[in-house]
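Chains as they are written, first to last, in our numbering: chain A, 4 to 317; chain B, 12 to 303.
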């Protein structure tokens, strides 16, 4: 404060220094800052950090979630390596992801490219493609249970029309997982389209015009100009869809419950069964951590490969 | 000070979905040949749900299926009388409203503090926040259940509310918004003698419309459609949310498809109506955040 240089004689005001201290505290960022973030920090700590540490501890315990747990060291993780049901769930999850992600990414890219124009009826197309995005997983699964009903379902009726015999879909161990893929692609396509459309809007039109002047067809320009420019978006989508498909649960729970004969038991469904049907809380936590690590590792791998590819193209 | 008329966009530029293409054709575009069948395929599950919802059980058990001859409104009333559907709707509405409001308040204040205020501990707190952002919910599912149990909230709506009062994602979203906002306005307010809270309420709040709308929409969608957490936290039919109720309803009426489709249709109606009313806002929220 510059006023300290003023002669101290003139009217001693002890009252002044007090409010100024209070005022300084009141104005300081620390008080305001902690005031603003403390509820959030408490809640995130309680429901984000504490459960994370707790889950890690649980994964070293034998715990039925009711009585106190017993420390068993690494035995849950050792069991994971030799559990055929767990490796089956891993296999199903990988198979699901390997089909779901590419189909979703390529499908939504093509649809977004087709929708990135001003033509009559676009509002209708947009609604048709986007409504599944806001439809809940449970509702989606219930609708597909009906559509794919082996006896009275609409899809079998359509197949019947073209002379194909009735299929079992969710009830056929060879078709169940791919039926789940079809259903979830329906639910996620619109999401990819939204992301791609937003990115396509930012492609500078001059680049496409330049390509056209150079005698490039629209189709070639799409693959050679737009698709490379969309690489970061594609990378984001691949990562995001992969993370979500590794966490698949709701749709399985409502349609197949992991069956028939374990053909759709994915990792999170197996985790759910272990925790809430067999009350192996410790083992389920080990499954959860294995999933967590897998997601982190896969994301890092995808990021590295994705960066390398986009650097190579530059 | 004149109120700024155009609030800056949320996170990056807002996608304008009907940007004009350079050439406009007079003839109907050939793209309809691709888009029309696609749209029909995408709409088929929903249309078939609506058609089945107004059929009789008899009509749903024919192969090949036929269109219903009359509209069976009783399916809808049967859902209401045969299940605690009203409870489910009310529960989901209560949980959504409380969680959305609390997220709007807590995420915006915390996001502001992390973006603008320099104070001891803020860096560490933010890193911990980011760390929880990466953790899949399934990993913390079991301990969260145990924590909620210790609060005596199991099988109560509180179990669905308390862990969702604030989301790390929402804080991050709001922080990004404030980082992109020029600080001049706030500095002017501070010089005029307003406190941090005053600046936040009087100057920033009017600018926060777009990001808060995004946050509200995404929070609402995630609460409305959440399934795994209600599944493990709630047991009594009266305390269930819409999605959980719907799944138990399906278990109880396995082959009564008209009844099931009527329930499914009603469970989605609020979201679909909101989506149709604010389609642009919905799409923008999803596009700007990359969250479904």
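Glycine residues also receive a C-beta, built at the ideal position from the N, C-alpha and C atoms.
- Message: Please report whether the beta-carbon of residue 45 of chain B lies at a distance below 9 Å from any beta-carbon of chain A.
- Response: yes
- How far does the alpha helix (DSSP H) with residue 149 of chain B in it reach, from first residue to last? 148 to 161
- Should residue 68 of chain B be labelled buried (16 or more other beta-carbon atoms within 10 Å of its own) or exposed? exposed
- Task: Give a yes or no on whether 9 Å exceeds the smallest Cβ distance from residue 297 of chain B to chain A.
- Result: yes
- Message: So, at 7 Å on beta carbons, what are the nonlocal neighbours of residue 267 of chain B in its own chain, with the 5 sequence-adjacent residues on each side left out?
- Response: 68
- Message: I want to verify the contact list: residues of chain A whose CB lies under 7 Å from the CB of residue 236 of chain B, in sequence order.
- Response: 139 and 140
- Message: For a test of the three-state rule: what should DSSP assign to residue 149 of chain A, helix, strand or coil?
- Response: helix
- Under 7 Å by beta carbon: chain B residues contacting residue 288 of chain A: 153
- Message: In the DSSP output, what is residue 73 of chain A paired with across the bridge?
- Response: A:65
- Message: If you reduce the DSSP assignment to three classes, tell me which class residue 197 of chain B lands in.
- Response: helix
- Query: Out of curiosity, what's the CA-to-CA distance linking residue 71 of chain B and residue 139 of chain A?
  - Reply: 23 Å
- So which residues of chain A does residue 76 of chain B contact, with C-beta pairs closer than 7 Å? 155, 157 and 160
- Run down chain B in chain order and give the residues with a C-beta less than 7 Å from the C-beta of residue 61 of chain A. 153 and 154
- Query: Going by C-alpha distance, which of B:299, B:294, B:285 and B:208 is nearest residue 34 of chain A?
  - Reply: B:208
- Message: Check whether the segment 192 to 208 of chain B and the segment 69 to 76 of chain A are in contact - that is, three or more C-beta pairs closer than 8 Å.
- Response: no
- Determine, using beta carbons only, whether residue 26 of chain B comes closer than 9 Å to chain A. Note on residue 26 of chain B: pLDDT 47, under 50, position unreliable in the model; no value is reported.
- Quick one: what does DSSP say residue 17 of chain A is sitting in, helix, strand or coil? Confidence is the limiting factor: at residue 17 of chain A the pLDDT is only 46, short of 50, which leaves the residue's position unreliable, though a coordinate-based value still follows. In the structure shown, residue 17 of chain A sits in a helix (DSSP, three-state: H, G or I).
- Item | Within 9 Å, strictly: CB atoms of residue 277 of chain B and residue 131 of chain A | no
- Query: Just checking, does the segment 245 to 252 of chain A make contact with the segment 300 to 311 of chain A on the three C-beta pairs under 8 Å criterion?
  - Reply: yes
- Determine the chain A residues that contact residue 50 of chain B at a beta-carbon separation under 8 Å, and present them in chain order. 127, 128, 131 and 132
- Excluding the five sequence neighbours on either side, which residues of its own chain have a C-beta within less than 6 Å of the C-beta of residue 144 of chain A, listed in chain order? 254, 257 and 258
- Item | Where the alpha helix (DSSP H) containing residue 180 of chain A begins and where it ends | 179 to 204
- Note down, in chain order, all residues in the segment 50 to 74 of chain B with a beta-carbon under 8 Å from any beta-carbon belonging to chain A. 50, 51, 53, 54, 55, 56, 57, 59, 60, 63, 71, 72, 73 and 74
- Locate the alpha helix (DSSP H) running through residue 264 of chain B, then write down its first and last residues. Taken as a continuous stretch (DSSP letters only), residue 264 of chain B belongs to no alpha helix (DSSP H), as it is neither H nor E.
- Message: Can you pull the chain B neighbours of residue 320 of chain A, defined as C-beta to C-beta under 8 Å?
- Response: This structure cannot speak to residue 320 of chain A, because chain A is shown only from 4 to 317.
- Hey, does residue 31 of chain A have any beta-carbon neighbour from chain B nearer than 9 Å? yes
- residue 312 of chain B touches chain A at which residues, Cβ-Cβ below 9 Å? Residue 312 of chain B falls outside the range modelled here, since chain B spans only 12 to 303, and no answer is possible.
- Message: Restricting to Cα atoms, I'd like to know which of A:54, A:47, A:56 and A:115 is closest to residue 46 of chain B.
- Response: A:115
- Message: Please classify residue 73 of chain B as buried or exposed, where buried requires at least 16 other C-beta atoms within 10 Å of its C-beta.
- Response: exposed
- Query: Quick one: what does DSSP say residue 169 of chain A is sitting in, helix, strand or coil?
  - Reply: coil
- Message: Check for me: the alpha helix (DSSP H) holding residue 125 of chain B runs from which residue to which?
- Response: 96 to 127
- Item | Chain-order list of residues whose beta-carbon lies under 6 Å from that of residue 326 of chain A (same chain, five-residue window excluded) | A question about residue 326 of chain A goes unanswered here, because the residues of chain A that appear run from 4 up to 317.
- Task: Could you say if the segment 285 to 303 of chain B and the segment 170 to 189 of chain A meet the contact criterion of at least three C-beta pairs nearer than 8 Å?
- Result: no
- Item | residue 124 of chain B, buried or exposed, once every other Cβ within 10 Å from all chains shown has been counted against 16 | buried
- Query: So is residue 97 of chain B buried or exposed if we call it buried at 16+ other beta carbons inside 10 Å?
  - Reply: exposed
- Item | Beta-carbon gap between residue 246 of chain B and residue 166 of chain B smaller than 9 Å | yes
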